[in-house]
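Colleague:
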Amino acid sequence: MSDYADFLANKAQLDGDHGFDPVWIPDFLFPFQAAIVEWATRKGRGALFADCGLGKTPMQLVWAENVVRHTNGRVLVLTPLAVAGQTVREADKFGIEAARSVAGELPGERIVVANYERLHLFDSADFTGMVCDESSILKNFDGRRKAEVTEFMRRLPYRLLATATAAPNDYTELGTSSEA
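Numbering (the numbering used here), first residue to last: 1352 to 1531.
(1) Could you tell me which whole alpha helix (DSSP H) segments of length 4 or greater appear in the segment 1418 to 1471?
(2) L1412 by DSSP, collapsed to three states: which one?
(3) So, helix, strand or coil for D1357, using DSSP?
(4) Under the three-state reduction of DSSP, which class applies to L1482: helix, strand or coil?
(5) Determine the DSSP secondary structure at T1501, reduced to helix, strand or coil.
(6) May I ask you to report which of helix, strand or coil DSSP gives R1506?
(7) Should the segment 1468 to 1487 be regarded as contacting the segment 1366 to 1382, the criterion being three or more beta carbon pairs within less than 8 Å?
(8) Taking the CB atoms as reference points, tell me whether H1369 and Y1467 lie closer together than 9 Å.
(9) When you compare each of A1398, A1515 and V1388 to V1413 by their alpha carbons, which one comes out closest?
(10) Of the residues L1399, D1372, G1406 and P1382, which one's Cα is nearest the Cα of E1441?
(11) Look at the alpha carbon of W1390 and the alpha carbon of L1507, and state the distance between them as a whole number of angstroms.
(12) Would you check if the segment 1395 to 1402 and the segment 1419 to 1426 touch, i.e. whether three or more CB-CB distances between them fall below 8 Å?
(13) Please report the distance separating the alpha-carbon of A1449 from that of A1415.
(14) Determine the contact status of V1463 and C1483, defining contact as a CB-CB distance below 9 Å.
(15) A1398 lies in the beta strand (DSSP E); which residues open and close that run?
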């Protein structure tokens, strides 16, 4: 039995917080959103499993802005293709500077929005944080996209997943989310 306990101990990644105290919590967030952003910022690595309409996009943008302000680095926000433009428009609506990148270029804005299919055009060394919007894309245990995203994220100190899919409801999906 101790061999199995040792095996589990070696797999555990619960080594505390990796984040920092938030430097900016804007008034436009509802109190529950502010609490979630504060938690995710202090953790440094977390997930927003929130239903449709609860404001995942503003929460992830405020989290990204906190990482930018704290590190003076860049944050890559990966989204499905259909959502990338909407994310940039929402950032503008809330006074957060973000720009879309379709060819791997790094705009002047520190929050860079791209779709998942463009990840291979970026270098993780250019970023200090990453958001995976609609992170349910990672649930395919053996998927190429999941492997690519997970490998990229592992190199970054600050990571956030966001999805409206109910909190992972099977062990494989929970495991693939936790690997990112």
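All residues carry an ideal CB built from backbone N, CA and C; glycine is no exception.
As the structure is a computational prediction, the values presented were derived from the model and not from experiment.
Modeller: A quick look at the data gives this:
(1) DSSP runs (the alpha helix (DSSP H)) wholly in the segment 1418 to 1471: 1432 to 1444.
(2) Here residue 1412 corresponds to residue number 61 of the sequence shown, with the count starting at 1. The answer is helix: DSSP assigns L1412 an H, G or I state.
(3) For this step, residue 1357 is matched to residue 6 along the sequence shown. For D1357, the three-state secondary structure derived from DSSP is helix.
(4) As a first step, residue 1482 must be located in the sequence shown, where it is residue number 131. A small fix is needed here, since residue 1482 is Val in this sequence, not Leu. When DSSP states are grouped into helix, strand and coil, V1482 belongs to the strand group.
(5) For the purposes of this step, residue 1501 is taken as the residue at position 150 of the sequence shown. If DSSP states are grouped into helix, strand and coil, T1501 belongs with the helices.
(6) One-based indexing of the sequence shown puts residue 1506 at position 155. Three-state result, R1506: coil.
(7) They do not touch, by the three-pair rule.
(8) On the sequence shown, residue 1369 is found 18 positions in, with the first residue counted as 1. On the sequence shown, residue 1467 is found 116 positions in, with the first residue counted as 1. Against a cut-off of 9 Å, the Cβ pair of Y1467 and H1369 comes out as no contact.
(9) The sequence position of residue 1413 within the sequence shown is 62, counting from 1. V1388 is the residue among A1398, A1515 and V1388 whose C-alpha sits nearest the C-alpha of V1413.
(10) As a working note, residue 1441 is residue 90 in the sequence shown. When only C-alpha atoms are compared, the closest one is G1406.
(11) In the sequence shown, counting from the first residue as 1, residue 1390 sits at position 39. In the sequence shown, counting from the first residue as 1, residue 1507 sits at position 156. The alpha-carbon atoms of W1390 and L1507 are separated by roughly 18 Å.
(12) By the Cβ test, the segment 1419 to 1426 is not in contact with the segment 1395 to 1402, since fewer than three Cβ pairs between them sit closer than 8 Å.
(13) Position 98 of the sequence shown, counting from 1, holds the residue named residue 1449. Position 64 of the sequence shown, counting from 1, holds the residue named residue 1415. Straight-line Cα distance between these residues: approximately 10 Å.
(14) Within the sequence shown, the letter at position 112 stands for residue 1463. Within the sequence shown, the letter at position 132 stands for residue 1483. Their beta carbons are not under 9 Å apart, which means V1463 does not touch C1483 by this criterion.
(15) Your numbering for residue 1398 matches position 47 in the sequence shown. A1398 -> beta strand (DSSP E) spans R1396 to F1400.
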